[in-house]
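The block underneath contains the structure these notes are about, expressed in structure tokens.
2 protein chains.
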Amino acid sequence: MNSSFATRLNASIQEHSPLCVGIDPSSSLLKSCGLPDSAEGALAFGTRVLEAAAFRISIIKPQSAFFERFGSAGFKAMEDLCSLARSKGVLVLLDGKRGDIDTTGAAYAESYFGPSTTLHVDAVTTHAYLGIGALQPFFDIALRANAGVFIVVRSSNPEGRDLQLAKLADGRTVAQHLAHEITVRNGAGGERVGPFGAVVGATCEDAAAIVADLPQSFILAPGVGAQGATMRDIAVRMPNAKGRVLANVSRAILAGGSTPSEIRTTVRALQDEARQLL
Amino acid sequence: MNSSFATRLNASIQEHSPLCVGIDPSSSLLKSCGLPDSAEGALAFGTRVLEAAAFRISIIKPQSAFFERFGSAGFKAMEDLCSLARSKGVLVLLDGKRGDIDTTGAAYAESYFGPSTTLHVDAVTTHAYLGIGALQPFFDIALRANAGVFIVVRSSNPEGRDLQLAKLADGRTVAQHLAHEITVRNGAGGERVGPFGAVVGATCEDAAAIVADLPQSFILAPGVGAQGATMRDIAVRMPNAKGRVLANVSRAILAGGSTPSEIRTTVRALQDEARQLL
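Top line first, the protein sequences correspond to chains A and B. Each residue of the first sequence is one higher than the one before, starting from 11 at the first, in my numbering. Each residue of the second sequence is one higher than the one before, starting from 11 at the first, in my numbering.
Have a look at this one:
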């Protein structure tokens, strides 16, 4: 990857749209597609979505959990899907929310970006329960690989509120603190929008304030569709993020049906809406 | 798994010791063992430790990151190591710190405890950045499988302090809040020590207070050895946890050398120390 993640993602958004297509091969989703509940089914689902969209989407977000359900065979299916997407110019943001300290954090980064891995992606999600400073070895490896890292700041579910809005000794909330740390790191990188993105739920009523603290970040906004938010909510709640917010849609890509042509129609409509609003 | 995790772990501690043997096949550790830096090397390392100890240890803690470094082949090596340990009566606590909401959280639990997975373990670690309430689907599946779940409450690294000691609206710290939620869940289970454990760093000076809020939990205490804490620190800082604290030792199992007989000697000495102090 010779250009930075931000450069690659900006080009893709310009060419296609700011829609992020979630690949969540749950048992019920595979069933509704007439696919087996297996590693093969999970790969077939992801392939169906990519082919239905004729690979004309900016980025996919495979959810690692739904592949790991099938153990090492599922992990291999996830690798194959990521390779397929990237070979056709579709960026891959792997949603695994891995995070750990020290050499362990570095090992996670190596599993996405190192020389020994067979899983190759453009960006990943992570969490900072162990402290964002502890993720530095993870970040260093990602940066050297020109990759992106999305840190969960405000999650789309109501149960995250207490912890994410808890206050540090200096009076800032955990979410504000993380947003500040992300912005400092992006500022050091010298790009208009940096490699450190943030996950901010489209369902969060405090989203505008959080996004205001993230002027140089891509924002991944989950919660559209099944969790009740709309793309209009993103536009209203995160007006400052125009041009750098990714609306993630997972289950809703099947809202119009599960055949390839139905998925194509739905994805096109979602892309139109994302281009128009975001 | 017909008996509860707590029953199995208590029996193992009685038979062997409260030592948890971390399996962290990092590049440098494999090199010091003369093993290749590959999935095969990672499996060979874990096998060497288990055989050196003649499988007479309570529990191992494979660190998922160090296996995922090798992609799906590493994941398979991790599965094989877990199967080997369990076939010989050694419990497996997989350290992956996975956690997510809703059906995604459930999918992670299925990847350890479900019918479709090939990775079988006795217990796992998780993080609660998305809110401990969001992990309920994850917990439900683990409980049905008689498994254990260790939630990171206070990590052993200094960077975790700000977030983990941030204050909720009711004045409690994040760590106190999680400890309380763990205790409530264990209380509902009806066992003396419940399925919900906590990770509390042996390096944390506030460990005693946190452990006091966890009267019915196993405590996993990382940080012994390379991170500077000793088993005596655990005994001094967590006196209330006697009989239910697991001292985790990873890199230090090679402190006396990396041949099978040297590892055997080191593990025996560590087990003696753990039995005596904890």
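For each residue, glycine too, the CB sits at the ideal point set by N, CA and C. Small disclaimer: the values here were computed from a predicted structure and weren't measured.
For chain B, find out if any of its Cβ atoms is closer than 7 Å to the Cβ of residue i; answer yes or no.
i: A:Gln-186; result: no
i: A:Gly-114; result: The amino acid at residue 114 of chain A is misidentified as Gly; the sequence shows Thr. True, the Cβ-Cβ gap to chain B drops below 7 Å.
i: A:Ser-121; result: yes
Strictly below 7 Å CB to CB, what residues from chain A border residue i?
i: B:His-137; result: His-137, Tyr-139
i: B:Asp-110; result: Ala-75, Lys-107
i: B:Ala-144; result: Asn-167, Glu-169, Gly-170
i: B:Lys-86; result: Ser-82
Quick one: list the residues of chain B neighbouring residue i, beta-carbon separation under 8 Å, in chain order.
i: A:Gly-44; result: Going along chain B, no residue has its Cβ under 8 Å from A:Gly-44, so there is no contact; the nearest lies around 18 Å.
Report the partner residues of residue i according to the DSSP bridge assignment.
i: B:Thr-183; result: B:Lys-177
i: A:Asp-105; result: A:Gln-73
i: B:Leu-256; result: B:Leu-230
i: A:Val-31; result: A:Ile-70, A:Val-259
i: A:Ile-161; result: A:Thr-136, A:Ala-208
i: B:Ala-239; result: B:Val-234
Note down, in chain order, every chain A residue with its Cβ under 8 Å from the Cβ of residue i.
i: B:Ala-117; result: Ser-36, Gln-73, Ala-75, Phe-76, Glu-78, Arg-79
i: B:Gly-124; result: Arg-79
i: B:Asp-47; result: Ser-126
Between residue i and chain A, is the shortest Cβ-Cβ distance under 7 Å, so that the two count as touching?
i: B:Leu-91; result: no
i: B:Ser-268; result: no
i: B:Leu-178; result: yes
Could you name the residues of chain C that residue i contacts, counting a contact when the two beta carbons are closer than 7 Å?
i: B:Thr-127; result: Looking for chain C here will not work: the only protein chains present are A and B.
Hey, would you say the C-beta of residue i is under 6 Å away from at least one heavy atom of the ligand COA?
i: B:Glu-89; result: The ligand COA is absent from the structure shown, which contains no ligands of any kind.
Q. According to a CB-to-CB cut-off of less than 9 Å, which residues of the segment 154-175 of chain A neighbour chain B?
A. Residues passing the 9 Å Cβ filter: Val-162, Ser-165, Ser-166, Asn-167, Pro-168, Glu-169, Gly-170, Arg-171, Asp-172, Leu-173, Gln-174, Leu-175.
(Q) Under 9 Å, CB to CB, which of the residues in the segment 214-234 of chain A have a partner in chain B? (A) Correct list: empty, as no residue qualifies.
Q. Can at least three beta-carbon pairs, one atom from the segment 80-93 of chain A and one from the segment 134-141 of chain B, be found at a separation below 8 Å?
A. Counting Cβ pairs under 8 Å, fewer than three are found: no touch.
Q) Do the segment 214-229 of chain B and the segment 245-265 of chain B touch if we need at least three Cβ pairs shorter than 8 Å? A) Short answer: they touch.
(Q) Across the segment 196-213 of chain A and the segment 177-186 of chain B, are there enough close Cβ pairs to call them in contact, namely three or more that are closer than 8 Å? (A) Contact between the segment 196-213 of chain A and the segment 177-186 of chain B is absent, because fewer than three Cβ pairs lie under 8 Å.
Q.
I'd like to know if the segment 59-67 of chain B and the segment 270-279 of chain B are in contact, where contact means that at least 3 CB-CB pairs between them fall below 8 Å.
A. Three or more pairs of CB atoms, one per stretch, sit closer than 8 Å, so the segment 59-67 of chain B contacts the segment 270-279 of chain B.
Q. Taking contact to mean at least 3 C-beta pairs separated by less than 8 Å, is the segment 147-161 of chain A in contact with the segment 114-131 of chain A?
A. Yes, the segment 147-161 of chain A touches the segment 114-131 of chain A.
Q: Determine contact between the segment 64-78 of chain A and the segment 19-34 of chain A, defined as no fewer than three beta-carbon pairs at a distance below 8 Å.
A: Judged by Cβ distances under 8 Å, the segment 64-78 of chain A makes contact with the segment 19-34 of chain A, as three or more pairs qualify.
Q. Pairing CB atoms from the segment 185-203 of chain B with CB atoms from the segment 154-170 of chain A, are three or more of them under 8 Å?
A. The segment 185-203 of chain B vs the segment 154-170 of chain A: no contact.
Q) If you pair each beta-carbon of the segment 107-114 of chain B with each one of the segment 93-112 of chain A, do three or more pairs fall below 8 Å? A) Yes, they touch.
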